[in-house]
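**Q** Pasting in a structure now, in structure tokens, and then I'll have a few things to ask.
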Amino acid sequence: MPGALPMLNRIKDKPLLDAVNNPIARWWRARSLARAHAGIDPALWPQAFGALPLLDGLDPGARRRLRDLAALFLQRKALELSRGARADARTCVEIALQASLPILELGLDWYRGWHAVILYPDEFVPAREVIDEDGIVWIDDEPKSGEAWEHGPVILSLADAMAGRERDGYNVVIHELAHKLDMRSGAANGHPPLHAGMSHERWAQAFGDAYDDLCRRADRFAGTAHEPLLDPYAAESPAEFFAVCSEAFFELPHMLIDEYPGVYGQLAAFYRQDPATRLARVEPDLPA
Ligand SMILES: [Zn+2]
-2 MPGALPMLNR
8 IKDKPLLDAV
18 NNPIARWWRA
28 RSLARAHAGI
38 DPALWPQAFG
48 ALPLLDGLDP
58 GARRRLRDLA
68 ALFLQRKALE
78 LSRGARADAR
88 TCVEIALQAS
98 LPILELGLDW
108 YRGWHAVILY
118 PDEFVPAREV
128 IDEDGIVWID
138 DEPKSGEAWE
148 HGPVILSLAD
158 AMAGRERDGY
168 NVVIHELAHK
178 LDMRSGAANG
188 HPPLHAGMSH
198 ERWAQAFGDA
208 YDDLCRRADR
218 FAGTAHEPLL
228 DPYAAESPAE
238 FFAVCSEAFF
248 ELPHMLIDEY
258 PGVYGQLAAF
268 YRQDPATRLA
278 RVEPDLPA
């Protein structure tokens, strides 16, 4: 049986009221925030920020907003330990900060409709039947570092979530939460609901062209110096491409700009962030 962490309360998802204009909403928001922070040792925040280089360069206002979002995330989502996983409060804060980064400029409402983040100690094998688009039933026994279920929980391997401390383009927390954002418009397909002023055609064009290019190069240049820098897992499907590009966007934004500037531009408009302006360039590991 998964166990809930004592510091975390399970309460219903509730969209925040318009806290900018409404004094009651402002009071309500302040009270919610105070309650959310009440169970968290304030000393954990600077430690967790310091451990996560993908948060470098956030200005003090953005750090404060991210900290508040992460506290609310921990209050409204149940982090459940399963299969012998062990996580202390600092680990939970690090997971919440990573999970909240994609919605820093969108708001927690984008994660409404689901409640649990299940933490396994390591990679896991779901070993369940899958029916593919041709109606063929097969057993999915691929080891996984995470999963996001439509209308259901997010599952994370703790060992992989902790690898988010490296800025290497791999971040399972952002990957699975990107799937959750994608699922706001139905089954994950790499096309989340876009903001007013964004163009569905431009999104489809930028992502479609880049996905085709990645599939072609991943196939043709596997194991050579011309192999794409983006994780080849992105070639699995347009949904995985969006999730992997989101990892790159927040971890190695300059690499994503070099590879697929159109995708970077669409993600900057979607996430309303521009990580390339706040993060130092890191050269990704090239294939041997
Ligand atoms: Zn995925």
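So the sequence shown is residues -2 to 285, counted in the working numbering. Here a beta-carbon is modelled for each residue, glycine too, at the ideal position from N, C-alpha and C.
Would Gly161 be called buried (16 or more neighbouring beta carbons within 10 Å of its own) or exposed?
**A** buried
**Q** Just the Cα atoms here: how many angstroms apart are Glu244 and His188?
**A** 16 Å
**Q** Looking at the unbroken alpha helix (DSSP H) that takes in Gly143, where does it start and where does it end?
**A** Looking at the DSSP string, Gly143 is not in any alpha helix (DSSP H); the run it does join, the beta strand (DSSP E), is 143 to 145.
**Q** Is the Cβ-Cβ distance between Ala207 and Tyr167 less than 7 Å?
**A** no
**Q** Could you give the uninterrupted runs of the alpha helix (DSSP H) lying entirely in the stretch 13 to 69, keeping only those of 4 residues or more?
**A** The stretch 13 to 69 contains these whole alpha helix (DSSP H) runs: 20 to 35, 41 to 48.
**Q** At a threshold of 6 Å, does Ala184 count as lining ligand 1 (C-beta to nearest heavy atom)?
**A** no
**Q** In chain order, what are the residue ranges of uninterrupted alpha helix (DSSP H) at least 4 long that sit wholly in the stretch 212 to 278?
**A** 235 to 248, 250 to 256, 258 to 268
**Q** Give me the Cα-Cα distance between Ala59 and Ile100, rounded to the nearest whole angstrom.
**A** Rounded to the nearest angstrom, the two C-alpha atoms are 12 Å apart.
**Q** When DSSP labels each residue in this structure, what does Leu174 get in the three-state scheme?
**A** Looking at Leu174 - three-state DSSP - the assignment turns out to be helix.
**Q** Taking the alpha-carbon of Arg181 as reference, which of Pro57, Tyr108, Ser79 has the nearest alpha-carbon?
**A** Tyr108
**Q** Residues around ligand 1, please: the condition is that the C-beta lies closer than 6 Å to some non-hydrogen atom of it.
**A** Output, sorted by chain position: His172, His176, Glu237, Ala240.
**Q** Would you kindly work out how many angstroms separate the C-alpha atoms of Arg32 and Leu51, rounded to a whole number?
**A** 27 Å
**Q** Three or more beta-carbon pairs under 8 Å between the stretch 107 to 126 and the stretch 169 to 185, yes or no?
**A** yes
**Q** How far does the beta strand (DSSP E) with Ser286 in it reach, from first residue to last?
**A** With the chain running from -2 to 285 in the structure shown, residue 286 is simply not present.
**Q** Which stretch, first to last residue, makes up the alpha helix (DSSP H) that contains Ser97?
**A** Counting along the chain, the unbroken alpha helix (DSSP H) around Ser97 starts and ends at 86 to 97.
**Q** How would you call Ser196, buried or exposed, if buried means at least 16 neighbouring beta carbons within 10 angstroms?
**A** exposed
**Q** Would you mind stating whether Ser142 and Asp157 have Cβ atoms separated by less than 7 Å?
**A** yes
**Q** To which residues of the same chain is Ala82 closer than 6 Å at the C-beta, ignoring the five residues directly before and after it?
**A** For Ala82, same chain residues with a beta-carbon under 6 Å away, outside a window of 5 residues either side, are Leu116, Tyr117, Pro118, Leu155 in chain order.
**Q** May I have the straight-line CA-CA distance separating Pro150 from Arg23, to the nearest angstrom?
**A** 30 Å
**Q** Enumerate in chain order the residues of its own chain whose CB-to-CB distance from Ala240 is below 6 Å, with the five nearest sequence positions on each side excluded.
**A** His172, Ala175, His176
**Q** Check Trp200 in the structure and name its three-state DSSP category.
**A** helix
**Q** Inspect the beta-carbon positions of Phe238 and Leu98 and report whether they are closer than 7 Å.
**A** No, they are not a contact pair.
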